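Going down the list, the sequences are from chains A, B, C, D, E and F.
Under my numbering, the first residue of the first sequence carries the number 771, and numbering increases by one thereafter.
Under my numbering, the first residue of the second sequence carries the number 771, and numbering increases by one thereafter.
Under my numbering, the first residue of the third sequence carries the number 771, and numbering increases by one thereafter.
Under my numbering, the first residue of the fourth sequence carries the number 771, and numbering increases by one thereafter.
Under my numbering, the first residue of the fifth sequence carries the number 771, and numbering increases by one thereafter.
Under my numbering, the first residue of the sixth sequence carries the number 771, and numbering increases by one thereafter.
All C-beta atoms, glycine included, are put in the ideal place defined by N, C-alpha and C.
Here the structure is a predicted model, which is why all the values come from computation and not from measurement.
What follows is a set of notes on a single structure, which appears directly below.
Protein chains: 6
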Amino acid sequence: LLLPAQTFIRTMSSSDGPTSPYTTLTISRPAESITHVQLHRPDKLNAMNKAFWREMVECFNEITEDKDCRVVVVSGAGKIFTAGIDLMDMANDILQPKGDDAARVSWNFRKFITKYQETFSVIEKCPKPVVVAVHGACIGGGVDLITACDIRLCTQDAWFQVKEVDVGLAADVGTLQRLPKVIGSRSLVNELALTARKMYADEAKSSGLVSRVFADKEAMMAGALEMAGEIAGRSPVAVQGTKINLIYSRDHSVDEGLHFMATWNMSMLQTEDLTKSAQAAIEKKSPKTAVFSKL
Amino acid sequence: LLLPAQTFIRTMSSSDGPTSPYTTLTISRPAESITHVQLHRPDKLNAMNKAFWREMVECFNEITEDKDCRVVVVSGAGKIFTAGIDLMDMANDILQPKGDDAARVSWNFRKFITKYQETFSVIEKCPKPVVVAVHGACIGGGVDLITACDIRLCTQDAWFQVKEVDVGLAADVGTLQRLPKVIGSRSLVNELALTARKMYADEAKSSGLVSRVFADKEAMMAGALEMAGEIAGRSPVAVQGTKINLIYSRDHSVDEGLHFMATWNMSMLQTEDLTKSAQAAIEKKSPKTAVFSKL
Amino acid sequence: LLLPAQTFIRTMSSSDGPTSPYTTLTISRPAESITHVQLHRPDKLNAMNKAFWREMVECFNEITEDKDCRVVVVSGAGKIFTAGIDLMDMANDILQPKGDDAARVSWNFRKFITKYQETFSVIEKCPKPVVVAVHGACIGGGVDLITACDIRLCTQDAWFQVKEVDVGLAADVGTLQRLPKVIGSRSLVNELALTARKMYADEAKSSGLVSRVFADKEAMMAGALEMAGEIAGRSPVAVQGTKINLIYSRDHSVDEGLHFMATWNMSMLQTEDLTKSAQAAIEKKSPKTAVFSKL
Amino acid sequence: LLLPAQTFIRTMSSSDGPTSPYTTLTISRPAESITHVQLHRPDKLNAMNKAFWREMVECFNEITEDKDCRVVVVSGAGKIFTAGIDLMDMANDILQPKGDDAARVSWNFRKFITKYQETFSVIEKCPKPVVVAVHGACIGGGVDLITACDIRLCTQDAWFQVKEVDVGLAADVGTLQRLPKVIGSRSLVNELALTARKMYADEAKSSGLVSRVFADKEAMMAGALEMAGEIAGRSPVAVQGTKINLIYSRDHSVDEGLHFMATWNMSMLQTEDLTKSAQAAIEKKSPKTAVFSKL
Amino acid sequence: LLLPAQTFIRTMSSSDGPTSPYTTLTISRPAESITHVQLHRPDKLNAMNKAFWREMVECFNEITEDKDCRVVVVSGAGKIFTAGIDLMDMANDILQPKGDDAARVSWNFRKFITKYQETFSVIEKCPKPVVVAVHGACIGGGVDLITACDIRLCTQDAWFQVKEVDVGLAADVGTLQRLPKVIGSRSLVNELALTARKMYADEAKSSGLVSRVFADKEAMMAGALEMAGEIAGRSPVAVQGTKINLIYSRDHSVDEGLHFMATWNMSMLQTEDLTKSAQAAIEKKSPKTAVFSKL
Amino acid sequence: LLLPAQTFIRTMSSSDGPTSPYTTLTISRPAESITHVQLHRPDKLNAMNKAFWREMVECFNEITEDKDCRVVVVSGAGKIFTAGIDLMDMANDILQPKGDDAARVSWNFRKFITKYQETFSVIEKCPKPVVVAVHGACIGGGVDLITACDIRLCTQDAWFQVKEVDVGLAADVGTLQRLPKVIGSRSLVNELALTARKMYADEAKSSGLVSRVFADKEAMMAGALEMAGEIAGRSPVAVQGTKINLIYSRDHSVDEGLHFMATWNMSMLQTEDLTKSAQAAIEKKSPKTAVFSKL
């Protein structure tokens, strides 16, 4: 079913620029059912400009509706994953706020922040698993982005930085909300957010921010695609139900989570995927040999 | 107070079969105040059949009422801890659901799932700490089971697998709800649940799924009993209050947890165990030398 | 801006006794904007007596109002960090409770516990980050204390012990509520709380309880002050907003956290610190070179 | 479909005593799909003795499983609805508690209260709507009972009394939790619970405790059966889904409620009852003329 | 500031048909800062067809952004307010669901329901108060609509019907979630939802569903506009902050509500509206005489 | 036990001014175990000045500790209950806020609002029931105050006004949080808060804001004292436990409420008040004849 990893890589890196109509993202299909989203402003270190914030939402809304996509891989083109917010492009909105008095300026800031929070929440609302592959550096807004993804991988040379206190603000598009639920050491979370120090790949692995570290970007992308292939080959009813319930569980008590799960699966267990998967199991085949209807 | 570890092991392994009226569980008392529950269908790799689901509830309900039991150790007989759900035995219920239309089938599935969720929730509702010792393999439903236990140990050769996506369904009897609250890396939890890959003992330890790894089953059982003995020797008012409040805290904010704790301890501090323990401390004795009333 | 580390240490260790009006705490200012709070009953192993519980509240209330303080470092004088509750001093209140019947005794215990819970909750309510540096031992009430701090450091020879079950009670001033949200392995949390076993520095680090381990106390204090300096040099609007939102996030769902964050930052983004920090960034200077108004 | 009201009444009042194996309840089927549960210790004013608490649970568990029952009517035999707890029968358990110290007595009381709370929670967990018809008086435990029912009716001569403060305790089997969510005036709820004053039918109606008042018991029972008939004639998928979601909504935010509702109805909309009901509507017939499968 | 009521009415009734691009809604501005949204399919009794569901979202999104609008009035053209869902127009979607198996049908239904829930949630998310004026009848989906509005008025001849159980389904676009939080008698809510009986104006008033009843539609529209004028004349910072916090409070505990309120008002109190309003008060003028900036 | 009502009144009205050290409150003991708190700035219509906000906290903290007080009655001296915030006295703090930039002004406002919210939250945290008796008018901050009380009474000539939108702000010391949980009609709550219209005694009664209306102040005070006497005569363990659990229930789901209740009563049922009350019941005496220990 899957092409050899080398081929994927080639497919993935063959993109010469953003995929129209996007100006900051390159979209490709390296293998069946897998969508690859590449941050693509390499000359700007994939800094997040106004266009990026809008395009991420459009892109993930499309992916959510795309029945041919079952898994998403996110990576960055060029030297690093992302340098975070493009302050030059966005200085206007942040440093010259609009409004007749402080209350009205606040009102407008709130709409602005809420809109930007939505950008990464769409990743979470998209029921398809998102694997993010980080190389080089992942700074500021980049951490907001990756904590909204489901599985995090990185290269040995990667580092991560919660940069916001350095520019005089508390991180407000997701890092402070999601990072503590993503990694297990609260002391470390607080240290990173309060001192803006860099965290390197080894600590990222031991703290649980990433679940795998690869030698270099090529190896990582091959690994990311292999993992995406594993997921894409399984029942989308099972996979997407799993993502939805994992996120639900994070935000609820165990009792609430179980109650929701039972209500969810009362219909989802009626899928034919169950029979198909069971059949494969009986025949000692991989579940990936079964052919599942689109979802 | 405690027998030498060797004796425990012998006591524990001397069981030749399930303890009547159970057909899938062997119950024994390897040492004072300790109940040992063994999954006991070794020829079926301790797969969970219909009888098992019912018997676990009965067994833990009994344990909850048994004033002579203060700690529980759970392990598996034979080659592995458990192969998870016995699909053959349960295929009927899952693959040939009952109901006149899809809504009624859903209704019945919901009752079915809720009942099976209860099976492991009884472990959590039982106020006595439950130490689970895993050897060989712990697959599918086995992960649901162990995440409902309080302390997890394993052997060096053990592996764990969230198997459900392989059979076309989202895990619905506890894994998706409890696993993320049990281990610290969300990236890892998602990876395990979405790819169904195996996790070995070392990763289980470093990720925090288990708190100790032992060379082999014999060493693990000795360790489990020693730990159980440590717990059993302390005030049951303190120990069981600790379990109840740890579970409450998991599902509530810190403020709510503190409020509940104060309301709990306002009566529990009136126990004579406090004086007895204090007395032991003054006399430089272990708290295990005190004799506490049954609870 | 900062003095050489050696100087700090000297400043910090020059205190010969508690700072009036306190009898159990020594307060100093080792560097600009940094307050050092030292538990100071070295002859009693910094055991927490009645005076201590009251003084911690007064001390942190003062710190909260002190516009010249931006970060707090907490450490212990003498051989160990703290031996926990001073049972001798407090035996009266606990072992000879007041009240005409069991209900009235409970009523009084509840007020008593709630008051003591407040002692450490003030650390959390104080918006200024608190770095705690542990050497030697941190026992019982000490664990309650440090889990309410933001960043935890320790020396190589430090050990930690959730001691309460040994004295016949469930820990009720914060450990059971905060520890599971502080470290990533639930199995470990349960083991520590149910068996009262010691945990040493290495396990404290790998489990995430502390984020850094230092060779000895001198190195740790230098490290703590360096870290405190990093924090103190940044915008207090950013830093204190970060602490407040990190704590809010712990106790709420991600959606709730984002909603609160947007409402928080709608005004906080109007700070001049943002422009000052941006200016520093453009000039390639450290954010610590900017001069921020007091908060 | 329905018998004339007079016939119902006769059927209902023809019961000469409790229905075996119950000793405190009379169960009958006054009309198709309707189960009538009568509190039946008329000589003791239907006071709730130990047997009653156990039998209510058994009775509602049976009703939950009884596919021929779609609605339940609860009423009381004899002069009044119920005098509440039978203190004589239960004095032992309450006034002579068991346990070696105050903590252990508390432990046992907690189990006792939790068990008794369950008695009325089964009414809420039963997905079939429960209409309760109160005549004469409804005292103490009676208020706990009726607030767990879905629809409350009463006769003109009925009165209600939250009696617990009169016997030295805070109502602990449901009144304090449910009454404030049942009626709209918090000032009134507090007044009733704190002063134990009687509330008569008119105030019960205007405050919303009951939704209808009838002239006498005969009229009320006819009205209750007519209302039960209206409910019993409609799709059980619709009716029971409505009850489950109304209770879920009470305990959750609107957003949570909507989320759960969508997950619930995603399968329930697949019922054939929808087509049958739509067909009846097109033919200008009552939905009650459709024949729905059992649930 | 306000025109005489008669003029409003004329302005409001002069609309001859839907306002392009809408096909089911007529939008007008009867007075400064007031937007009037009229359900306008009078020949179909304002039944909610597919176009309606889409247009309500678009319409309220526009209103949210329209700085010239401060209050919204919603009413229905023709003989009644609305007959609810247009089953003919929507039968396709509901009765002939799409999907390869029951799980996939469920998946699609969930998206469908969620989209329709959004239709009325936009009313709640719009920070501008919405006054709804009901005449004739308000059936099924109409109740979902009005419970999402802020203030409900009706004519003496109006009636309300939670119709869903009559067509074989549990109300899933808001009634079951919002109605119990809108009116004070739970017994009545349950009765209405489980029996689908009609509720007339007097009961709607005494139960709190509407806060005012008018003799006829003309009087009601005059009253609605007068009330809208009262609101429109006050500070939009105060008014819209009030709506946002009233909705927040409904879904949170009092403590959470207070915490959010303080965080909200910390910026909103910096509005110049406060000074302007205070000035008016000192000069003994109505707050409506002040001129407030747009929001 | 109780004095004739006339005597109470005299006792209550004999106060010639504030009770030292208070300058805005008169405190008296009209009957055993009853504390009467009178807002006492009659020449300023009991407007709430800075002193008042501070004194209310001190006063209720004292009452909480006063074992001789079991119930509190709050009323206003002079022509009306209260005109709300004393804008003249507080203009400084609100209209000339302090802080170097908008963020720092916000920071200070938040502390200010939080402090003022505390003023009325102390009423709720005081476990002793508070009956409030309103005559004349209750405006703005007065509504915040009375919604934090437990039982509300008023005279026939009383009116209530949520005044805040008139002065350009959203009510932020409790009204928006508590009023919707106090009265049953959401449409009415929204109308009152958004239009600032007056509500008179009859509507206050029918909507459930007050539970009783009296002809005049004298009758109301007699009624308030009689009701306070009823409460004061009952077991303080039962009464105060009832208040605490009623407030807990308001902010939690029914399941959470029951769980907390069981944990509360496990100790409180061990009170001797239970036996004393039971004894009184057997002897057919009023529970008020029993003599209960202080709490």
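Tell me which residues share the same chain as residue i and place their Cβ nearer than 7 Å to its Cβ, disregarding the 5 neighbours each side in the sequence.
i	result
Asn878 (chain F)	Pro867, Lys868 and Gly869
Which class does residue i belong to by DSSP, given the choice of helix, strand or coil?
i	result
Pro800 (chain F)	strand
Gly846 (chain C)	strand
Ile1062 (chain D)	A quick correction: the sequence has Phe, not Ile, at residue 1062 (chain D). Three-state DSSP puts Phe1062 (chain D) in coil, outside helix and strand.
Arg922 (chain E)	strand
His806 (chain E)	strand
Cys896 (chain B)	coil
Val932 (chain C)	coil
Thr852 (chain D)	strand
Ala903 (chain F)	strand
Tyr886 (chain A)	helix
Leu795 (chain F)	strand
What residues in its chain sit with their C-beta under 8 Å from that of residue i, if we drop five residues either side in the sequence?
i	result
His1022 (chain B)	Phe1030
Arg780 (chain B)	Here the model assigns Arg780 (chain B) a pLDDT of 42, short of 50, so the residue's position is not dependable, and the following value carries that caveat. So the list is empty, once near-sequence residues are dropped.
Ile855 (chain E)	Ala817, Met818, Gly910 and Gly911
Among the candidates the options, whose CA atom is the shortest distance from the CA of residue i?
i	options	result
Asp838 (chain E)	E:His806, E:Ala1048, E:Tyr970 and E:Gly912	E:His806
Ile1064 (chain E)	E:Glu894, E:Asn1015 and E:Ser1005	Sequence check: residue 1064 (chain E) is Lys here, not Ile. Lys1064 (chain E) has its Cα closest to that of E:Ser1005, out of E:Glu894, E:Asn1015 and E:Ser1005.
Cys919 (chain E)	E:Val844, E:Val1061, E:Ala992 and E:Phe822	E:Val844
Phe930 (chain A)	A:Val959, A:Lys895, A:Lys951 and A:Val937	A:Val959
Thr917 (chain A)	A:Lys987, A:Val842 and A:Thr945	A:Thr945
Leu923 (chain D)	D:Lys1054, D:Ala1060, D:Leu949 and D:Met990	D:Met990
Counting only the same chain and skipping the five closest in sequence on each side, list residues whose C-beta sits under 6 Å from that of residue i.
i	result
Gly787 (chain B)	none
Gln1049 (chain A)	none
Gly846 (chain D)	Leu809, Asn816 and Thr852
Quick one: give me the first and last residue of the alpha helix (DSSP H) that residue i is part of.
i	result
Phe984 (chain B)	It is not in any alpha helix (DSSP H) - Phe984 (chain B) instead sits in the beta strand (DSSP E) that spans Arg982 to Phe984.
Met991 (chain F)	Lys987 to Ala1002
Arg948 (chain B)	Thr945 to Val952
Ala1048 (chain E)	Glu1042 to Ile1052
Arg956 (chain E)	Arg956 to Thr965
Thr1033 (chain D)	Val1024 to Met1038
The beta strand (DSSP E) with residue i in it runs from where to where?
i	result
Ile909 (chain C)	Ala907 to Ile909
Tyr1018 (chain C)	It is not in any beta strand (DSSP E) - Tyr1018 (chain C) instead sits in the alpha helix (DSSP H) that spans Pro1006 to Arg1020.
Met818 (chain B)	That residue, Met818 (chain B), is in no beta strand (DSSP E); it is neither H nor E in DSSP.
Lys1153 (chain A)	Any property of residue 1153 (chain A) remains undetermined from this structure, which presents chain A solely from 771 to 1065.
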